[in-house]
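J.:
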Amino acid sequence: MTTSPSFTWTSDDEPGRAFPSGATYVDALQDTALCFRGTDLAGADVQLDALGRPRVISGNFAGVFSLTVADGTRYAVKCFTREVREQAARYRAIGEHLATLDDDWIVGFDYVDQGVLVEGAWYPVLRMEWVEGIGLIRWIERNLDDPAALARVAERFADLMGRLAAAGVGHGDLQHGNILVTDDGVVKLVDYDGMYVPALAGMAATETGHRNYQSPDRTAADFGPEVDRFSAWVVYLSLVALAVDPALWKQLRDEDAEHLLLAEPDFTDPAGSFPLATLTSHPDPGLRALARRFEDVLLTERAQPPPLRPLDTVSPGAPAGTVLPSWLADRLEPHMPAPPPLVRFAERPATRTLASWSLMALVPLGVPLGLVGEVVAAVDAAVVVAWTTAAYEVSAERRGARAARAEGRRLRAARDAAAARVALLEEEGRRLAEMAEALKEEQDDKRRNLQHWHNTRLAAHRQSVKERLDRIERDRRAALARAHAEEQRLLALRQKQYVRAELAKSSVAEVEGLEPAQVANLAAVGIRTAADFVGLRHEPDRRAMFVLTNGSQMRVRGVFTAEAVRIDQWRERATVAANRARPTYLTAADRRPFRERFEAESAALDVQREQVMEDAKKGDRDLLETLRVEQSLLADERKAGNTSLTRARATHDREAAAAARALADAHRAASDATARADSFHLVNYLRYLRFTITGKG
Amino acid sequence: MTYSAEISRANPSCFVFLVDQSASMNDPIGGGGQRKAEVVADAINRLLAELSVKCAKEEGVRDYFHVAVLGYGHTVGSAFTGPLAGRDLVPLSQVADQPARVEKRVKKVPDGAGGLVETTTSFPVWVDPVANGATPMCHALARADALVGDWVARHPDCFPPIVLNLTDGESTDGDPATAAWAVQTHVTADGAALLFNLHVSAANAVPVTFPDTDVALPDPYARTLFGMSSLLPQHMRFYALQQGVPAGDMARGFVYNADITSVVQFLDIGTRATELR
Chain Y
9 MTTSPSFTWT
19 SDDEPGRAFP
29 SGATYVDALQ
39 DTALCFRGTD
49 LAGADVQLDA
59 LGRPRVISGN
69 FAGVFSLTVA
79 DGTRYAVKCF
89 TREVREQAAR
99 YRAIGEHLAT
109 LDDDWIVGFD
119 YVDQGVLVEG
129 AWYPVLRMEW
139 VEGIGLIRWI
149 ERNLDDPAAL
159 ARVAERFADL
169 MGRLAAAGVG
179 HGDLQHGNIL
189 VTDDGVVKLV
199 DYDGMYVPAL
209 AGMAATETGH
219 RNYQSPDRTA
229 ADFGPEVDRF
239 SAWVVYLSLV
249 ALAVDPALWK
259 QLRDEDAEHL
269 LLAEPDFTDP
279 AGSFPLATLT
289 SHPDPGLRAL
299 ARRFEDVLLT
309 ERAQPPPLRP
319 LDTVSPGAPA
329 GTVLPSWLAD
339 RLEPHMPAPP
349 PLVRFAERPA
359 TRTLASWSLM
369 ALVPLGVPLG
379 LVGEVVAAVD
389 AAVVVAWTTA
399 AYEVSAERRG
409 ARAARAEGRR
419 LRAARDAAAA
429 RVALLEEEGR
439 RLAEMAEALK
449 EEQDDKRRNL
459 QHWHNTRLAA
469 HRQSVKERLD
479 RIERDRRAAL
489 ARAHAEEQRL
499 LALRQKQYVR
509 AELAKSSVAE
519 VEGLEPAQVA
529 NLAAVGIRTA
539 ADFVGLRHEP
549 DRRAMFVLTN
559 GSQMRVRGVF
569 TAEAVRIDQW
579 RERATVAANR
589 ARPTYLTAAD
599 RRPFRERFEA
609 ESAALDVQRE
619 QVMEDAKKGD
629 RDLLETLRVE
639 QSLLADERKA
649 GNTSLTRARA
659 THDREAAAAA
669 RALADAHRAA
679 SDATARADSF
689 HLVNYLRYLR
699 FTITGKG
Chain A
1179 MTYSAEISRA
1189 NPSCFVFLVD
1199 QSASMNDPIG
1209 GGGQRKAEVV
1219 ADAINRLLAE
1229 LSVKCAKEEG
1239 VRDYFHVAVL
1249 GYGHTVGSAF
1259 TGPLAGRDLV
1269 PLSQVADQPA
1279 RVEKRVKKVP
1289 DGAGGLVETT
1299 TSFPVWVDPV
1309 ANGATPMCHA
1319 LARADALVGD
1329 WVARHPDCFP
1339 PIVLNLTDGE
1349 STDGDPATAA
1359 WAVQTHVTAD
1369 GAALLFNLHV
1379 SAANAVPVTF
1389 PDTDVALPDP
1399 YARTLFGMSS
1409 LLPQHMRFYA
1419 LQQGVPAGDM
1429 ARGFVYNADI
1439 TSVVQFLDIG
1449 TRATELR
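Protein chains in written order, with our numbering: chain Y, 9 to 705; chain A, 1179 to 1455.
(1) Counting C-beta neighbours from all protein chains within 10 Å, is the total for N220 (chain Y) 16 or more, i.e. buried, or is it exposed?
(2) How would you list, in chain order, the residues of chain Y whose beta-carbon sits under 9 Å from the beta-carbon of A1355 (chain A)?
(3) Starting from H1244 (chain A), trace the alpha helix (DSSP H) in both directions and tell me its first and last residue.
(4) DSSP beta-bridge partners for P1288 (chain A)?
(5) Per DSSP, which one or two residues make a beta bridge with K1282 (chain A)?
(6) When the Cα of V567 (chain Y) is compared with those of Y:E355, Y:W578, Y:R301, Y:M553, which residue comes out closest?
(7) Taking the alpha-carbon positions, what's the A664 (chain Y) to A279 (chain Y) distance?
(8) Using CA coordinates, which residue listed in Y:L287, Y:E234, Y:A212 is at the minimum distance from V248 (chain Y)?
(9) Give me the Cα-Cα distance between H1333 (chain A) and D661 (chain Y), rounded to the nearest whole angstrom.
(10) State whether the region 1247–1262 of chain A contacts the region 1297–1308 of chain A, with contact taken as three or more CB pairs (one from each stretch) at a distance under 8 Å.
(11) Measure from the alpha carbon of P327 (chain Y) to the alpha carbon of each residue in Y:L690, Y:E149, Y:R629, then state which is nearest.
(12) Ignoring anything shorter than 3 residues or poking outside the region 484–546 of chain Y, list the beta strand (DSSP E) runs there in chain order.
(13) Ends of the beta strand (DSSP E) at M136 (chain Y)?
(14) Check whether the region 302–313 of chain Y touches the region 252–268 of chain Y, counting contact only when three or more Cβ pairs, one atom from each stretch, lie closer than 8 Å.
(15) CA-CA distance, V195 (chain Y) and A159 (chain Y)?
(16) Would A1400 (chain A) and D1390 (chain A) be called neighbours here (beta carbons separated by less than 9 Å)?
(17) When you compare each of A:D1437, A:L1344, A:C1233 to P1269 (chain A) by their alpha carbons, which one comes out closest?
(18) Residues of chain A with a CB under 8 Å from the CB of I480 (chain Y): which are they?
(19) Is there contact between the region 682–694 of chain Y and the region 1209–1222 of chain A, where contact requires at least three CB pairs shorter than 8 Å?
(20) What's the gap between the Cα of H1413 (chain A) and the Cα of A251 (chain Y)?
(21) Tell me the DSSP bridge mates of F1193 (chain A)?
(22) In chain order, what residues of the same chain lie with their CB nearer than 8 Å to the CB of G1311 (chain A), ignoring the 5 residues before and after it?
(23) Buried or exposed: Q122 (chain Y), going by 16 or more other Cβ atoms within 10 Å of its Cβ?
(24) Between which two residues does the beta strand (DSSP E) harbouring I1185 (chain A) extend?
(25) Three or more C-beta pairs closer than 8 Å, one from the region 615–624 of chain Y and one from the region 1336–1354 of chain A: is that the case here?
(26) So, are the CB atoms of G217 (chain Y) and D274 (chain Y) less than 9 Å apart?
(27) If I'm right that L522 (chain Y) touches E580 (chain Y) with Cβ under 8 Å, what's the distance once you round it to whole angstroms?
(28) Does the Cβ of Q222 (chain Y) have 16 or more other Cβ atoms within 10 Å, making it buried, or fewer, making it exposed?
(29) Shortest alpha-carbon distance to D1351 (chain A) belongs to which of A:D1368, A:D1275, A:L1319?
(30) Alpha carbon to alpha carbon, how far is T1363 (chain A) from A129 (chain Y)? Give it in angstroms, no decimals.
(31) Please report how far the alpha carbon of E518 (chain Y) lies from the alpha carbon of P548 (chain Y), in whole angstroms.
(32) With I65 (chain Y) as the anchor, note down where its beta strand (DSSP E) starts and where it stops.
(33) Distance, Cα to Cα, R1415 (chain A) vs G193 (chain Y)?
(34) Where does R1213 (chain A) sit, in a helix, a strand or coil, going by DSSP?
(35) Which same chain residues, not among the five before or five after F1493 (chain A), have their C-beta less than 6 Å away from its C-beta?
(36) Between Q451 (chain Y) and chain A, is there a C-beta pair that is closer than 9 Å?
Below you can see the structure in the form of structure tokens.
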């Protein structure tokens, strides 16, 4: 069930036009020359708040400012914070209809279509006559010690409702804030945004009124002269109740509450309403009857309430005086009643008394008759006892005592039962608190577990990513090492080729002291340059042999060992010189194939790496997504748990409050009953005998 | 679970604002020169002013709400400056009466005749822009969680507390979704606590208001914040619609680089337009 205002908009309608917010109007009204440019309000003095900003009184859909123009006239200017369709037409119709009435509840107004300039756009305002009056709640609080004034305003209000109905007008939002009372006690109605007048027949309501004054069944379709009926009952019943018993104000209502004596929960659940029960069982018969009539409305005619039927007269009660606040009233015995007066025997039915006397008179008479007389006396005494006992038992006082004691026993049993229920509910409350604690712990555990699982999964995922990256880096290092080794091998080859080529450029003829014949002989075995042999082989007592490049060994005619050694030394020197000049690095062309292969391999590894990183990110995302899904499920579970627990707690709190109230009542009832029973302690047989004889109670 | 409980002094509700004050808030907002920290401070000051106005009645601002403003950045704690510094939940009437200062702000506004005119507005300030340190959003949500849990235990029938988080989304102390869901598990007889998010971003993307899907959101931060925002209760969607913001059945309390002050207008406060004084 909701009582938030319903709208003339539905979700099928196009969106509305954005209206300035309350604070935006406060900004705009800091320059009244600008914002009211070209209207009669231009340059008006706006009432300021403590911060020196325009002071506003906000409603749900508008803010009202106080403006005083040059001639001293003061206006209430209403600025709207939401668009209401056909607002101008509605106000025109309302204005025209009210003009025909000339009643004292009416506050004059002008609807100005182009009323206020805010951030470059014009918006309508409602310029209203300033009313010196007080809102109903504040007025009531000031008049709690004047029940007659309360009764008068109740009567005036009822009368006003009659005049509205006769004029075919429905205010639409009757509530404490829209009902002002002036110094001379005139009731004024303000805020006509939701007002019905006959010219608006067929349209829908723009709002459904204040929740604490409206039937739970009211919808936007309820828009006619009868729209105020329910709220009229609510306001009138409260005013009458307060006139009769002003103490109810603090007993039935929280300080600062936004309602009179009854509020929305009392309308939706009348059976469970303490305020309503208090009013329907109030000692004042007029108030009681009125409250019961309203209770009937709630139970059977909530959707179509009948018109208000006011009491013929409202009889004001005693002023509230020093009323205890309701929370304290429950804790103190509000009035300690004096114990009931002691009950004494009061009424002696003539015949029964006469019979008792006669029987008692016989006792002494029987004595002189001797033995027989004693028997007679004994019998007579027995008869007297039997007779008076019987008479005592049927006496009103004895019956009263029995009833009072039985009632006392019953009420004490009821009190004990109420106490047991309170104890049971306290236990239940503890159990609910424990359940809440357990639920919280369980959920915290689950949450920690989820996080732990997530961390574990994430760690495993990151480890596998790291391993794949490590492998790629290993492969890359291996490729680089391979390329390097191959370059080195080629470099060695190139160096060998260079030395060989350099040596091939030489000629053995260069060797000092060699005869041309020796040179020719050397050439005959293929030794022309230093490149053609690699060394000497010495054998004892024989000439040294040249070792040729192809490994064969031969002696050269005419070349003896000493010359051979010199030739070999020449070769070695040439080799050293060539080695010294050999290239130490590869040419770019030589290197290119290795570089290219490495780069290709490296690029392939980059692709792999990219893929791994991509997979890693996706893995992270997937894991986070999984965690979020799990967590959101857990949060839903927790929310559901909290919701059912909160409901159980709300039910429990309501029952506990009712049980505490019932226990306090039962306590009072039981102690009253005990006092009543105690007041019969003088009612016993002996005293009855004395009473019968002497007539003293 | 109807979000229809009466909001009154006898049955008040609570608001917990979380304000990102991390170093990244020094960056400018998308498409504008203003720093994110300033945007967020302005937003929170406007929200507090709006809430005060919403609850202003004949005799002053009523305590329909108790309000906490927690900053998170270098530390997590009360972001109030001035007389309220250091306090967490403060009754709204005290908030309304005790801003740190009232600034005069000069701005050019349309004069209604096609021109511009300079005008001065006084603007109450409760929270200053701060940008310093990391973004411990999880920690901040945990603080909100504790405040909300405590409030709900003391007001089991109230309109559920609303937690409104203003941030650039880049939590540095873990995935905020967990902490966000924890906040929303607190329930009163009227419904679960609500978590709304305002995302201010340096990206110059299209502003988004109360979306019902995250497909149009430009980055993972926005999607995370969307995912952790509560569904808008039905009556709030109706009010949004009335204000020209189409909010679908699955619309969430999430706003991207746009104004979120409107949520205050969505609050349905028991008493309507009242005393004409």
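All C-beta atoms, glycine included, are put in the ideal place defined by N, C-alpha and C.
Just so you know, these numbers come straight off a predicted model, no measurement behind them.
T.: According to the structure data:
(1) buried
(2) L632, L635, R636, Q639, S640
(3) Element bounds for H1244 (chain A): not the alpha helix (DSSP H) but the beta strand (DSSP E), 1243–1250.
(4) The partner list for P1288 (chain A) (beta bridge, DSSP) reads A:L1294.
(5) A:S1300
(6) Y:M553
(7) Here the alpha carbon of A664 (chain Y) sits roughly 16 Å from the alpha carbon of A279 (chain Y).
(8) Y:L287
(9) 12 Å
(10) Note that the region 1247–1262 of chain A touches the region 1297–1308 of chain A; at least 3 beta-carbon pairs, one per stretch, sit closer than 8 Å.
(11) Checking every option, the nearest Cα to that of P327 (chain Y) belongs to Y:E149.
(12) 541–545
(13) 129–137
(14) no
(15) 13 Å
(16) no
(17) A:C1233
(18) Per Cβ cutoff of 8 Å: no residues; I480 (chain Y) is ~27 Å from chain A at best.
(19) no
(20) 39 Å
(21) A:V1245, A:I1340
(22) Q1199, S1200, A1201, G1251, H1252, T1253
(23) exposed
(24) Unbroken run through I1185 (chain A): none, as it is neither H nor E.
(25) no
(26) no
(27) In fact, because the Cβ distance is near 16 Å, the residues do not count as touching under 8 Å.
(28) buried
(29) Nearest option by C-alpha distance: A:L1319.
(30) For the pair A129 (chain Y) and T1363 (chain A), the Cα-to-Cα distance works out to about 43 Å.
(31) 28 Å
(32) 64–66
(33) 43 Å
(34) strand
(35) The structure shown has nothing for residue 1493 (chain A), since chain A only spans 1179 to 1455.
(36) yes
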